Amino acid sequence: MVATVKQMSLIVSVFGVVSFILGVVAENKKVQYDFFKLVACSWNNQYLVQMVFSVTCKYPADPTVALGYLSVAFLVASTVVLGICLFYPYKGKSVPQGVLFKHTTFTAFFNIALFTTGLAATMLLWPTITEQIHLTHNVHRDLNYECPTAKTGLLGGGAFLSLDSSLLWLIALMLADNAREDFFEEEEGDKGEFGKASSDAYEADVRVNGSA
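Using the numbering used here, read the sequence shown as starting at 3 and increasing by one per residue.
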């Protein structure tokens with residue numbers, strides 16, 4: 003089955019929407035301070051008797067970390083598929099990359115989409131990794147430790163940026179398709195003009211030889 007621009011656009015759209023939904027759900031499922039802080043004491047009798055206090059943050063189970071990583075995974079998948087789509091030889095016809103980047107509009111949308119994708123990945127990974135650190139390293143010696151959670155709003159913002167980046171990539175894909183069609187039309191036009199010029203030259207040569 004030969005891939006088409008519409009099929010590739012559909013795949014990119016699905017990945018982008020899934021990344022957006024996972025990011026929004028991860029934001030809504032994030033811990034909202036409904037945990038408690040447990041202060042425990044233990045005895046250390048190695049050289050001297052001393053009391054050691056620690057704070058254990060008891061966070062409730064939530065799928066934020068898993069959903070955050072899945073959102074990033076679908077964002078990366080969407081970007082990789084789109085990168086393949088831009089330079090894929092549709093109908094067996096390939097276009098040099100330099101031809102696409104000669105178009106100012108395509109170059110602008112390509113750079114904006116690339117920047118938005120990087121920003122979306124940052125905003126999704128930052129709170130996800132932070133939340134994972136809070137959940138795994140939950141015992142602290144500082145009795146004033148407040149048991150924080152990842153900053154609220156970053157996952158939701160990253161989810162919307164993920165959706166925006168997919169839309170921008172789709173626009174870049176359409177612009178690349180237009181640039182590809184223009185390139186092939188110019189090639190066919192040049193070949194036609196060259197063939198006509200060769201035919202005229204041949205006819206003129208025949209006439210000269212005939213008159214001689």
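Yeah, the Cβ is synthetic: ideal placement off N, Cα and C, and Gly gets one too. Note that the structure is a prediction, hence the values are computed from the model and not measured.
### Query
First and last residue of the alpha helix (DSSP H) that includes A63?
Along the sequence shown, one-based indexing puts residue 63 at 61. Unbroken run through A63: none, as it is neither H nor E.
### Query
Looking only at DSSP bridge pairs, what is H142 linked to?
As a working note, residue 142 is residue 140 in the sequence shown. Its beta-bridge partners are V57.
### Message
Using a Cβ distance threshold of 8 Å, determine whether the stretch 14-31 contacts the stretch 58-74, with at least three qualifying pairs required.
### Response
Contact between the stretch 14-31 and the stretch 58-74 is established, with three or more Cβ pairs separated by less than 8 Å.
### Query
Can you tell me whether R182 is buried or exposed, with buried defined as 16 or more other CB within 10 angstroms of its CB?
In the sequence shown, the residue the question calls residue 182 occupies position 180. Flag for R182 reads buried.
### Message
If contacts are defined as beta-carbon pairs under 8 Å, then A63 and F17 qualify, I think. What distance do you get, rounded to the angstrom?
### Response
On the sequence shown, position 61 is the one that residue 63 refers to. On the sequence shown, position 15 is the one that residue 17 refers to. Incorrect: roughly 28 Å between the Cβ atoms, too far for contact.
#### Entry: Rounded straight-line distance, which links the Cα of T66 to that of K153
As a first step, residue 153 is located in the sequence shown; it is residue number 151 there, counting from the start. As a first step, residue 66 is located in the sequence shown; it is residue number 64 there, counting from the start. The alpha-carbon atoms of K153 and T66 are separated by roughly 12 Å.
### Query
In its own chain, which residues sit with a C-beta less than 8 Å from the C-beta of T124, not counting the 5 before and 5 after it?
Numbered from its first residue, the sequence shown carries residue 124 at position 122. Cβ within range, chain order: G160.
### Task
Please report how far the alpha carbon of F185 lies from the alpha carbon of T106, in whole angstroms.
Reading the sequence shown from its first residue, position 183 is the one you call residue 185. Reading the sequence shown from its first residue, position 104 is the one you call residue 106. If I take the Cα positions, the gap works out to 15 Å.
### Start and end residues, alpha helix (DSSP H) containing S96
Looking up residue 96 in the sequence shown gives position 94. Taken as a continuous stretch (DSSP letters only), S96 belongs to no alpha helix (DSSP H), as it is neither H nor E.
### Task
Leaving aside the five residues before and after I173 along the sequence, list all residues of the same chain whose C-beta is less than 6 Å from its C-beta, in chain order.
If you number the sequence shown from 1, residue 173 lands on position 171. Here the set comprises F111.
### Query
Counting along the chain, where does the alpha helix (DSSP H) carrying E148 start and finish?
Taking the first residue of the sequence shown as 1, we reach residue 148 at position 146. Counting along the chain, E148 falls outside any alpha helix (DSSP H), and DSSP gives it neither H nor E.
### Task
Could you give the DSSP three-state label for P91: helix, strand or coil?
The residue given as residue 91 occupies position 89 in the sequence shown. Looking at P91 - three-state DSSP - the assignment turns out to be coil, as it is neither helix nor strand.
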